[in-house]
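Worksheet: one structure, shown below.
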Amino acid sequence: MSRSVSRSAMAPFHPRPRKAATMSTTVPLPEPQDVRDAMRALAAEYVLGTLSAESRCRVEQRMEREPALRAAVEGWEARLLPLVALVPPVETSPGVWARIAQSVDRIGAAPEPTPRREGAARPAAGPGWWRSLPVWRGLSGAGFATAAVLAALLVRQLQAPVPMPEYMVVLVAPQGQSAGWVVQAGARRQLDLIPLADTAVPTEKTLQFWTKADGWNRPRSLGLVEPGHAVRIPLDRLPPLQPDQLFELTLEPAGGSPLDRPTGPIRFSGRAVKVTT
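Residue numbers for the sequence shown follow my numbering, so the first one is 998 and each next one is one higher.
Given below as structure tokens:
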């Protein structure tokens, strides 16, 4: 009888529950998909520079202790870097750079939203591409065009990540810096013409898509384009693309050009930039 009581008294100290509890605390739980998506979106906004100074400071503090967030930021830097090559350098007036310098000084002097812990290190100011003066000179030359391209790529990446295209083209209006369309080609063996804004087309007129590479006798028509609608063309129907290949949209009579070349004014044009190897 006493032996039975002793065994029951020892039962609560059985080692199995303790072992199970130890294992449960050492197995990390995966982050939910929505948490990962939110982190990627935050990292993209940080790299694009759309966050407020206070929000940027909070992100930099988090990067000190969250390797996943820092990796997401570095990934967006690498992903968006090739787009800088789409914008040719343009000389900017000294007054613009003076205002930029004043803005940077004000941002740098802004107080941090929360006090930094004693002894905590600041994130290293590595040679990120966004800190390069030539990069920002290029961006200032066609700010809207570049911002539109980055925004379009950002939205597409956040919604459904796709392979980086081999070539990209920003089609810009000849008399301004307004980008109306983006061409990207190579990913999934197709060429996509993507609208960035509405394009007004007069009655009895139509937009026609053309391309011409070095060595071609004349441009090749890629078809008619409906304003505001994307166009997809299989690359198998085209000769191999080349760096600096010309793409343009011209205003033609209804039904298209009556000749085998453009006859109307150029509405948008640009040249191909190879962004992947």
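Note that beta-carbon positions come from the ideal geometry of N, C-alpha and C, so glycine has one too.
Predicted model only: the values in this text are computed from it and were never measured.
Leaving aside the five residues before and after residue i along the sequence, list all residues of the same chain whose C-beta is less than 8 Å from its C-beta, in chain order.
i, result
"R1215", "K1209, D1257, R1258"
"K1271", "E1163, Y1164, P1240"
"Q1187", "R1229, I1230, P1231, L1232"
"P1064", "none"
So is residue i buried or exposed if we call it buried at 16+ other beta carbons inside 10 Å?
i, result
"A1269", "buried"
"E1249", "buried"
"P1231", "exposed"
"A1182", "buried"
"G1212", "exposed"
"T1247", "buried"
"E1245", "buried"
"Q1242", "buried"
"G1046", "exposed"
"V1166", "buried"
"V1032", "exposed"
"R1264", "buried"
"Q1156", "Its pLDDT being 49, under 50, Q1156 is placed unreliably by the model, and the measurement read from it follows with that caveat. Exposed is the call here."
Residues bridged to residue i by DSSP?
i, result
"L1192", "As written in the sequence, residue 1192 is Pro, which differs from the Leu given in the question. DSSP, once it has assigned bridges, lists W1178 as partnering P1192."
"G1220", "F1206"
"M1165", "Q1181, V1270"
"Q1187", "P1231"
"T1247", "Q1205, I1263"
Please return the same chain residues whose Cβ sits closer than 6 Å to the Cβ of residue i, not counting the five positions on each side in sequence.
i, result
"V1228", "L1190, V1222"
"P1192", "W1178, G1225"
"T1019", "Low local confidence applies: a pLDDT of 44 at T1019 is under 50, so the model's placement there is unreliable, and no value is given."
"L1048", "E1042"
"Q1058", "none"
"T1196", "G1177, P1224"
"V1180", "V1166, L1190, F1244"
"V1056", "Y1043"
"S1052", "none"
Apart from the five residues on each side of it in sequence, which residues of its chain come closer than 7 Å, Cβ to Cβ, to residue i?
i, result
"A1069", "M1036, R1037, A1040"
"A1194", "G1177"
"L1219", "F1206, W1207, T1208, I1230"
"A1251", "E1201, K1202, T1203"
"P1171", "I1263, S1266"
"T1260", "E1249, S1254"
"M1060", "L1066, R1067, V1070, P1120"
"R1238", "A small fix is needed here, since residue 1238 is Leu in this sequence, not Arg. Contacts found: Y1164, A1182, A1269."
State yes or no: is the C-beta of residue i nearer than 7 Å to some heavy atom of the ligand SAH?
i, result
"Q1172", "No copy of the ligand SAH occurs in the structure displayed, which carries no ligand at all."
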